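Each residue of the sequence shown is one higher than the one before, counting from 327 in our numbering.
Glycine residues also receive a C-beta, built at the ideal position from the N, C-alpha and C atoms.
None of the values given here were measured: they were computed from a predicted structure.
Input: a single structure, listed below in structure tokens.
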Amino acid sequence: MTSAQVDTENVPEEGYERGLGSRQVQMIAIGGAIGVGLFMGAGANIAKAGPSIILMYALAGVVIFFIMRALGELLLYRPVSGSFAEYAREFLGPFFGFVTGWTYWLMWVVTGMAELTAAAIYIHFWFPEIPQWVSALVFLVVLFGVNLISVKIFGEVEFWFSMIKVTAIIGMIVIGLGVLTLGFSDAGDTAAVSNLWAHDGFFPNGIGSSLMTLQGVMFAYLAVELVGVTAGESENPEKTLPKAINTLPWRIIVFYVGALLVILSVVKWTEFSAGESPFVHAFGKIGIPLAAGIVNFVVLTAALSSCNSGMYSTGRMLRDLASNSEAPQAFGKLNARKTPAVGITVSVALMGIGVVLNYVVPEKAFLYVTSVATAAGIWTWMMILVSHIRYRSAVDAGRLRASSFPAPGGAIFSWVALLFLIGVTCMIAYDKDARVCLYVAAGWAVALGVGWRILKSRNPQLTERRGDAEFEKVG
Numbered sequence: 327m328t329s330a331q332v333d334t335e336n337v338p339e340e341g342y343e344r345g346l347g348s349r350q351v352q353m354i355a356i357g358g359a360i361g362v363g364l365f366m367g368a369g370a371n372i373a374k375a376g377p378s379i380i381l382m383y384a385l386a387g388v389v390i391f392f393i394m395r396a397l398g399e400l401l402l403y404r405p406v407s408g409s410f411a412e413y414a415r416e417f418l419g420p421f422f423g424f425v426t427g428w429t430y431w432l433m434w435v436v437t438g439m440a441e442l443t444a445a446a447i448y449i450h451f452w453f454p455e456i457p458q459w460v461s462a463l464v465f466l467v468v469l470f471g472v473n474l475i476s477v478k479i480f481g482e483v484e485f486w487f488s489m490i491k492v493t494a495i496i497g498m499i500v501i502g503l504g505v506l507t508l509g510f511s512d513a514g515d516t517a518a519v520s521n522l523w524a525h526d527g528f529f530p531n532g533i534g535s536s537l538m539t540l541q542g543v544m545f546a547y548l549a550v551e552l553v554g555v556t557a558g559e560s561e562n563p564e565k566t567l568p569k570a571i572n573t574l575p576w577r578i579i580v581f582y583v584g585a586l587l588v589i590l591s592v593v594k595w596t597e598f599s600a601g602e603s604p605f606v607h608a609f610g611k612i613g614i615p616l617a618a619g620i621v622n623f624v625v626l627t628a629a630l631s632s633c634n635s636g637m638y639s640t641g642r643m644l645r646d647l648a649s650n651s652e653a654p655q656a657f658g659k660l661n662a663r664k665t666p667a668v669g670i671t672v673s674v675a676l677m678g679i680g681v682v683l684n685y686v687v688p689e690k691a692f693l694y695v696t697s698v699a700t701a702a703g704i705w706t707w708m709m710i711l712v713s714h715i716r717y718r719s720a721v722d723a724g725r726l727r728a729s730s731f732p733a734p735g736g737a738i739f740s741w742v743a744l745l746f747l748i749g750v751t752c753m754i755a756y757d758k759d760a761r762v763c764l765y766v767a768a769g770w771a772v773a774l775g776v777g778w779r780i781l782k783s784r785n786p787q788l789t790e791r792r793g794d795a796e797f798e799k800v801g
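As structure tokens, this is what we get:
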């Protein structure tokens, strides 16, 4: 076997149907980069940082690309559905695989809550009389049904969700550029590129305030790593995964930097506020008939798309944990359609807590769940980076074969990204509103520690390293 091949000897037969084609994997990757964090969360971030939020999304986007190239190298070394949890298990030990798998599962459960909250808020645009919790419950039930049918149905639904988002953002950019260059619509008289610096400068609230938005900005990028979970169900992972990852930079440039540049040029930043989509506000300001309603529909599909992905990934992660005796064995079973129905069902039931939050504290539900999801996501990204650093060390020492998709710069950029994530974590600790997630993280760490001790007492073999001891020598 050459270094340009996937190490198929290390790829287990997981029992899944390889039903995700190239176009579906590509759109899942694209859709993962366009979620409620952009459509909804950007409003609060703009209010805090002004036009400099564009720079924050670009900076975070560079780091995300480093993370994804690190993940890509690992995926082409061994493409499995357990993905980063499996790599943490191999390169850092079973405890880290256990923690990463359960933490990624938690991330998607609370992200699902956030998306349900956002979707319910968007429904208010048309039907303000419908309580948030009712809309959230209806969406939860419908998407649950989609995920139980088959991976092909999930892939097809996600493909069209992503297609709507991509088409809409490109359309919004084109319309915004038309307003800037031709001056039509109600916003034409005030639209100008100078809006990026004319109202108290590019950093109106100071560089410190801009940097403090990074924890909210990072939430917008949660789910880009989802392409790694699809590895076990992709028809041709060696071709589809590198292509999906390598297109990430232009997706960030177009969908984040480009869209925000246009919006903040058309409408001055002082008009945006938390709790409102900047896209809906901007096109309402432009005054195009039905534009605000159309954009609201798009952001609704973005929220549902992310929630749909969350249900998909939680079931797969629970199955990976079960296959390693780190979760109840019931989670390891596939139904007749080769989907992990038990894991999906339990995860969806817990996402229902989001429905309760929308009933009890509808005005704070989004903030609470997004901060917790961000902390869980940062842990997952850190484990990807540390696993990649350990993998590259093993390759350099001749203990493992090289991947066919090496990350540029080797482990150097993984170290850079790791330090960046540590800095973001410190910012979360400093922010009194986001700090709640660290309290949850502490409780979660205690729960995982207790769970691991129970597992070790029942399965002493779990303490054995699955890393260097099993590294294959290159002949």
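| Check | Outcome |
| --- | --- |
| Would the stretch 726-739 and the stretch 392-399 be scored as touching if the rule is three or more Cβ pairs under 8 Å? | yes |
| What do you reckon, are the CB atoms on Ile-679 and Val-505 nearer than 8 Å? | no |
| Are the beta-carbon atoms of Ile-710 and Glu-551 separated by less than 8 Å? | yes |
| Among the residues of its own chain, which have a CB less than 7 Å from the CB of Val-674, if the five just before and after it don't count? | Leu-466, Phe-470, Met-637 |
| With distance defined between alpha-carbon atoms, name the residue in Phe-623, Phe-510, Thr-706 nearest to Trp-428. | Thr-706 |
| Confirm, please, whether the CB-CB distance from Met-439 to Met-677 is below 8 Å. | yes |
| Specify the secondary structure class of Trp-523 as computed by DSSP and reduced to three states. | coil |
| Taking Cβ to Cβ, would you say Leu-586 is nearer than 8 Å to Ile-390? | no |
| Val-425 to Ala-767, Cα distance in whole Å? | 12 Å |
| Please classify Ser-783: does DSSP put it in a helix, a strand, or coil? | helix |
| Return the CA-CA distance between Leu-781 and Glu-652, expressed in angstroms with no decimal places. | 7 Å |
| What are the boundary residues of the alpha helix (DSSP H) that includes Asn-572? | 563-572 |
| State yes or no: is the C-beta of Ala-819 within less than 8 Å of the C-beta of Leu-540? | In this structure the chain extends from 327 to 801, so residue 819 is not present and cannot be described. |
| Would a C-beta distance cut-off of 8 Å place Asn-650 and Arg-404 closer than the cut-off? | no |
| Using the beta-carbon count (16 or more within 10 Å), is Glu-484 buried or exposed? | buried |
| Of all the options Ile-748, Ser-740, Val-750, Val-695, which has the alpha carbon lying nearest to the alpha carbon of Val-762? | Val-695 |
| Quick one: measure Cβ to Cβ for Gly-369 and Ser-603, integer angstroms, because I've assumed they're closer than 8 Å. | 6 Å |
| Give the secondary structure of Phe-391 by DSSP, where H, G and I count as helix, E and B as strand, and everything else as coil. | helix |
| Are the CB atoms of Leu-630 and Phe-453 within a distance shorter than 8 Å? | no |
| So is Leu-747 buried or exposed if we call it buried at 16+ other beta carbons inside 10 Å? | buried |
| What span of residues does the alpha helix (DSSP H) with Val-593 cover, start to end? | Here Val-593 belongs to no alpha helix (DSSP H), and DSSP marks it neither H nor E. |
| Look up Leu-442 in the DSSP assignment and say whether it is helix, strand or coil. | helix |
| Just to confirm before moving on: does the CB-CB distance between Tyr-430 and Ala-702 stay below 8 Å? | yes |
| Using the Cα positions of Pro-457 and Leu-726, report the straight-line distance between them to the nearest angstrom. | 56 Å |
| In terms of alpha-carbon separation, which member of Leu-745, Lys-569, Ala-373 lies closest to Val-593? | Ala-373 |
| Measuring CA to CA, which of Asp-526, Asn-473, Leu-548 is closest to Tyr-383? | Leu-548 |
| Run the proximity test for Tyr-383: is its beta-carbon closer than 7 Å to any non-hydrogen atom belonging to the ligand FAD? | With respect to small molecules bound, the structure shown includes none, and the ligand FAD cannot be examined in it. |
| DSSP on Tyr-403, reduced to helix/strand/coil? | helix |
| From what residue to what residue does the alpha helix (DSSP H) around Val-621 run? | 617-649 |
| Using a 10 Å radius around the Cβ and a threshold of 16 neighbouring Cβ atoms, would you call Arg-784 buried or exposed? | exposed |
| Would you decide whether Trp-576 is buried or exposed? Buried here means 16 or more other CB atoms lie within 10 Å of its CB. | exposed |
| Taking a contact to mean a Cβ-Cβ separation below 8 Å, would you say Ser-476 touches Thr-596 in this structure? | no |
| Between Met-327 and Asp-646, what straight-line distance do the alpha-carbon atoms span, to the nearest angstrom? | Low local confidence applies: a pLDDT of 39 at Met-327 is under 50, so the model's placement there is unreliable, and no value is given. |
| Contact check, Asn-622 vs Tyr-448 under 8 Å by CB: the rounded distance? | 5 Å |
| My guess is that Leu-378 and Ser-536 are in contact by the Cβ rule of under 8 Å, so how many angstroms apart are they, rounded? | The sequence given here places Ser at residue 378; Leu does not occur at that position. Going by Cβ atoms, the distance from Ser-378 to Ser-536 rounds to 4 Å, so yes, they are a contact pair. |
| Of all the alpha helix (DSSP H) runs that stay within the bounds of the stretch 419-488, which reach a length of 4 or more residues? | 420-452, 458-475 |
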